[in-house]
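Novice: Got a structure here, written out as C-alpha cells. Questions coming.
Residue numbers (this note's numbering): 11 to 566.
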C-alpha cells in the first residue's frame, strides 16, 4: 500500500507539474530578478536624469530671462532717469524765469538759465539713448518719440521766452511769462507724461517677464516631477508585484508543506530565479512526498524486522550461556597443558645451553689446530727457503773455489816468469808467492764453508721431513676437530629447533587458554549484550510505531 501511495504521489506531482506550466502573459514575469531590479533602478535613474535635464533647461531659460530682465531693468533705469531729468530740467526753467522776473542777470555762467541749458542737454541725451535702445515696444517707442517732439517744441518756445526776458522791459517779461505759463507748461506736461508712461511700461514688462519665467519654471518642475513620480510609481508597482506575488505564492506553498500537505504545488508564472524557485519548490515537495512514502514503507519493515530480531536474540542468548559453561571447562584443561609444556621448554633450554658450550669449545679446539697447521706450513716453507739459500751458498763457494784455483795457477805462472826474469823478477816472484798463498787459504776456507753448507742442507732436509710429518698429524687432528664441531653444530641446531618448538607450543597453549578464557568472557558479554539488544529492539519497535504515526500526518 505504501509503494502504491508513492507511485501515485509521483504520478500526481508529475501531472500537476505539467498542468501548472501555463503561458506567461506579462513579459515582466519572464525577466530575472536582477533584470527587474535593473529596470526599476534604471527607470529611477532616467527619471532623475530627466529632472536634472529639465532643471538644466530651466536654468538656461532663467539665464536668458535674467539677461532679458537685466536689459529691461537698464531700459527702466534709463526711462526713470529721463523722467527725473525732465523734472530737473523743468525746475531750472522755472528758476531762471523767476530770476528774470527779479531782474537778475541770466547771461552769467553760474546763472539758473545756464543750469537750465545743461539740464536740457542731459534730458535730450537721455531721450536720444532711450530712442536708440533695443527692446522697446512699439508703444514705448512712440512715447519716446512723442517726448522728443514735445521737448523740441519746449526748447523752441523757450528761445522766444529767453529773448523776451532779455529785453528787460515789463512788456518782454509779461510776454515771456505768458509763454512759460502757456505753451511751455503744455510741452513739459507732454514730456513728463511720455517719460512717465515709458518708465511705467518698462517696469511693468520687467515684472511680467520675471513672473512669467518663475511661473514657467514652476510649471515645468511640477510637470516633470509629476511625470517622474507617475513613471516611478508604475514601474515600482509592476516590478514589486512581479517579485512579491511569486514569493507570496511560494511562502503560502511552504506553509502548506510545513502543515503536512505535500501535494501543494506553485503555478509556474515567472521566469528567471523566481521561476526556478517555483519549479524547485514543486520538485522538492514531490521528492519529500516520495521520501515520506518510502519512510512509511521502511517503518513497517523495521517493525517486522525488530520482532524477528527479538526472537533471534533470545535464541542467541541461550546458546551464549551454554558456550560460556563449556569454555570454562576447556580453559582449565588448557591451563594444565600450558604448565606441562612450559616445564619441557625449560629443560630443552638448559640442554640447548650445554650443547652450545660444547660447540664453542670444539670450535675453539678446531681453530687452535688450524692455527698449528698454518704455523707448521709456514715453518716448513721457511726451512725450505733456508735449504735453497744454503744451496745457493754452495754454488757461490764453488765459484770462489774455481777463482782460487785459477788465481793459484796464475801465481804459479807468475813465479815461473819471475824465475825467468832473474834478478829483475825477484820482487814480482815475492808478490806471486803471496798471491799463491792467499789463493790456497781461500781454497781451504771455501772447502770448510762447503762442508758446513752441506751439513746445513742435510739438517734442513731432515727438518723439512720432520715438519711435514708434524703438519700431517696436525691436519688429521684438525679434520677430527672439524668433524666434531660440525656434529656439535648439527646437534645444537636440532636442540634449538626443539627448544623453539617447545617454546612455541608453550606460548600456543597459553594463548589457547587465554583465548578460551576470552571466549568465555565474550560469551558472557554476548549474553549481556543480547539482553541490551532485546531492550534496543523493543525501543526500535516503539520508534517504528512512532515513525508510522508521524508519517501518517503527511498527505502524499
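All C-beta atoms, glycine included, are put in the ideal place defined by N, C-alpha and C.
If you're wondering where the values come from, they're calculated on a predicted model, not measured in any experiment.
#1: According to DSSP, is residue 115 helix, strand or coil?
#2: Where in the region 231–314 do unbroken runs of the alpha helix (DSSP H), each at least 4 residues long, occur, reported from the N-terminal end onward?
#3: Nearest CA to the CA of residue 289: which residue from 110, 264, 450, 538?
#4: Name the residue from 541, 296, 399, 147 whose alpha carbon lies nearest to the alpha carbon of residue 215.
#5: With 16 as the cutoff for other CB atoms within 10 Å, does residue 468 come out buried or exposed?
#6: What number of angstroms, rounded off, separates the C-alpha of residue 107 from the C-alpha of residue 96?
#7: Taking residue 125 and residue 116 to be in contact with their CB atoms under 8 Å, please state how far apart those CB atoms are, rounded to whole angstroms.
#8: By alpha-carbon positions, which one of 164, 173, 121, 175 ends up nearest to residue 193?
#9: Using the rule of at least 16 other Cβ atoms within 10 Å of the residue's Cβ for burial, across every protein chain shown, is residue 153 buried or exposed?
#10: Checking the sheet assignment: what are the DSSP bridge partners for residue 610?
#11: Comparing C-alpha positions only, which one of 478, 149, 105, 562 sits nearest to residue 207?
#12: Relative to the C-alpha of residue 241, which candidate in 392, 49, 360 has its C-alpha closest?
#13: List the endpoints of the continuous alpha helix (DSSP H) containing residue 131.
#14: Give the DSSP-derived three-state secondary structure of residue 146 in the structure shown.
#15: Below 8 Å, can you find three or more Cβ-Cβ pairs linking the region 167–176 to the region 184–191?
#16: Starting from residue 183, trace the alpha helix (DSSP H) in both directions and tell me its first and last residue.
#17: Select from 52, 370, 454 the residue whose C-alpha is nearest the C-alpha of residue 496.
#18: Could you check whether the region 222–242 touches the region 127–137, counting it as contact only if at least three pairs of C-beta atoms, one from each stretch, sit closer than 8 Å?
#19: What's the call for residue 284, buried or exposed, on a 16-neighbour Cβ count within 10 Å?
#20: Would the beta-carbon of residue 274 fall within 8 Å of that of residue 268?
#21: How would you label residue 93, buried or exposed, when you count the other beta carbons within 10 angstroms and need 16 or more for buried?
#22: Less than 7 Å between C-beta atoms, sequence neighbours within five positions excluded: which residues of the same chain meet that for residue 450?
#23: Measuring only the C-alpha atoms, how far is residue 524 from residue 332?
#24: Applying the criterion that 16 or more other CB atoms from any shown protein chain within 10 Å of the CB defines a buried residue, is residue 24 buried or exposed?
#25: Can you look up residue 42 in the DSSP assignment and give me helix, strand or coil?
#26: For residue 11, name the three-state secondary structure that DSSP assigns.
#27: What number of angstroms, rounded off, separates the C-alpha of residue 349 from the C-alpha of residue 506?
#28: Once DSSP output is grouped into helix, strand and coil, what is the label at residue 36?
#29: Could you tell me if residue 51 is buried or exposed, where buried requires 16 or more neighbouring beta carbons within 10 angstroms of its beta carbon?
#30: Going by C-alpha to C-alpha distance, which of 313, 168, 156 sits closest to residue 200?
#31: Could you pull out every residue in the same chain whose Cβ sits closer than 7 Å to the Cβ of residue 53, ignoring the five residues on either side in sequence?
#32: Around the C-beta of residue 556, are 16 or more other C-beta atoms found within 10 angstroms, so that it is buried, or is it exposed?
#33: Determine, using beta carbons only, whether residue 282 and residue 43 come nearer to each other than 8 Å.
#34: Check the C-beta distance from residue 110 over to residue 212 and give it rounded, since I have them as a contact under 8 Å.
#35: Which whole-angstrom value is the C-beta distance of residue 429 and residue 421, which I expect to be below 8 Å?
#36: Relative to the C-alpha of residue 248, which candidate in 476, 41, 558 has its C-alpha closest?
Specialist: So, from the listed chains and residues:
#1: As a position in the chain shown, residue 115 is number 105, starting the count at 1. It is coil, neither helix nor strand.
#2: Those alpha helix (DSSP H) runs which fall completely within the region 231–314 and span 4+ residues do not exist here.
#3: Within the chain shown, numbered from 1, the residue matching residue 289 stands at position 279. Residue 289 has its Cα closest to that of 264, out of 110, 264, 450, 538.
#4: Looking up residue 215 in the chain shown gives position 205. With respect to the C-alpha of residue 215, the residue from 541, 296, 399, 147 having the closest C-alpha is 147.
#5: On the chain shown, residue 468 is found 458 positions in, with the first residue counted as 1. It is exposed - the Cβ of residue 468 has fewer than 16 other Cβ atoms within 10 Å.
#6: Residue 107 sits at position 97 when you count from the first residue of the chain shown. Residue 96 sits at position 86 when you count from the first residue of the chain shown. When the Cα atoms are used, residue 107 and residue 96 turn out to be separated by approximately 17 Å.
#7: As a working mapping, residue 125 is identified with position 115 in the chain shown. As a working mapping, residue 116 is identified with position 106 in the chain shown. No, residue 125 and residue 116 are not in contact; Cβ-Cβ is about 11 Å, not under 8 Å.
#8: Counting from 1 along the chain shown, the entry for residue 193 is found at position 183. Of the listed residues, the one whose Cα sits closest to residue 193 is 164.
#9: Here residue 153 refers to the residue found at position 143 when the chain shown is read from its first residue. Burial state of residue 153 is buried, judged by a 10 Å Cβ sphere holding 16 or more other Cβ atoms.
#10: Any property of residue 610 remains undetermined from this structure, which presents the chain solely from 11 to 566.
#11: Sequence index remark: in the chain shown, residue 207 carries index 197 (1-based). The shortest Cα separation from residue 207 among 478, 149, 105, 562 belongs to 149.
#12: In the chain shown, counting from the first residue as 1, residue 241 sits at position 231. When only C-alpha atoms are compared, the closest one is 49.
#13: Here residue 131 refers to the residue found at position 121 when the chain shown is read from its first residue. Here the alpha helix (DSSP H) through residue 131 covers 122–142.
#14: Here residue 146 refers to the residue found at position 136 of the chain shown. If DSSP states are grouped into helix, strand and coil, residue 146 belongs with coil.
#15: Look at the beta carbons and you see the region 167–176 touching the region 184–191: at least three pairs across the two are nearer than 8 Å.
#16: Translated into positions along the chain shown, residue 183 becomes position 173. First-last of the alpha helix (DSSP H) with residue 183: 180–189.
#17: As a working note, residue 496 is residue 486 in the chain shown. Ranked by Cα distance from residue 496, the options 52, 370, 454 are led by 370.
#18: No: the two stretches stay apart, fewer than three of their Cβ pairs being nearer than 8 Å.
#19: Against the chain shown, residue 284 aligns to sequence position 274. Looking at its Cβ environment, which holds 16 or more other Cβ atoms inside 10 Å, residue 284 is buried.
#20: One-based indexing of the chain shown puts residue 274 at position 264. One-based indexing of the chain shown puts residue 268 at position 258. Result no, Cβ atoms of residue 274 and residue 268 do not sit closer than 8 Å.
#21: The count along the chain shown starts at 1 and reaches residue 93 at position 83. Of the residues assessed, residue 93 falls on the buried side of the cut-off, its CB having 16 or more other CB atoms within 10 angstroms.
#22: As a first step, residue 450 is located in the chain shown; it is residue number 440 there, counting from the start. The beta carbon of residue 450 is closer than 7 Å to those of 418 in its chain, skipping five residues each way along the sequence.
#23: Reading the chain shown from its first residue, position 514 is the one you call residue 524. Reading the chain shown from its first residue, position 322 is the one you call residue 332. Each residue's alpha carbon lies about 19 Å from the other.
#24: In the chain shown, the residue the question calls residue 24 occupies position 14. Note that residue 24 has pLDDT 46, beneath the 50 cutoff, so the model's placement of it is unreliable and the number below is only indicative. Exposed is the call here.
#25: Taking the first residue of the chain shown as position 1, residue 42 is located at position 32. Three-state DSSP puts residue 42 in coil, outside helix and strand.
#26: Along the chain shown, one-based indexing puts residue 11 at 1. Note that residue 11 scores a pLDDT of 44, beneath 50, so its modelled location is shaky and nothing firm can be said.
#27: Within the chain shown, numbered from 1, the residue matching residue 349 stands at position 339. Within the chain shown, numbered from 1, the residue matching residue 506 stands at position 496. Their Cα atoms are separated by approximately 20 Å.
#28: Within the chain shown, numbered from 1, the residue matching residue 36 stands at position 26. In the three-state reduction of the DSSP assignment, residue 36 falls in the coil class.
#29: If you number the chain shown from 1, residue 51 lands on position 41. The Cβ neighbour count for residue 51, taken over all protein chains shown within 10 Å, is under 16; the residue is labelled exposed.
#30: The residue given as residue 200 occupies position 190 in the chain shown. Of the listed residues, the one whose Cα sits closest to residue 200 is 156.
#31: Within the chain shown, numbered from 1, the residue matching residue 53 stands at position 43. Apart from the 5 residues on each side of it in sequence, residue 53 sits with its Cβ closer than 7 Å to the Cβ of 241, 242, 245 in its chain, given in chain order.
#32: Numbered from its first residue, the chain shown carries residue 556 at position 546. Its Cβ having fewer than 16 others within 10 Å, residue 556 is exposed.
#33: By one-based count along the chain shown, residue 282 stands at place 272. By one-based count along the chain shown, residue 43 stands at place 33. A Cβ-Cβ contact shorter than 8 Å links residue 282 with residue 43.
#34: The residue you call residue 110 lines up with position 100 of the chain shown. The residue you call residue 212 lines up with position 202 of the chain shown. Between the beta-carbon of residue 110 and that of residue 212 there is about 37 Å, and that puts the pair past the 8 Å contact cut.
#35: Position 419 of the chain shown, counting from 1, holds the residue named residue 429. Position 411 of the chain shown, counting from 1, holds the residue named residue 421. Their Cβ separation, rounded to whole angstroms, is 13 Å, which puts residue 429 and residue 421 out of contact at 8 Å.
#36: Counted from its first residue, the chain shown places residue 248 at position 238. Cα-wise, what sits closest to residue 248 is 41.
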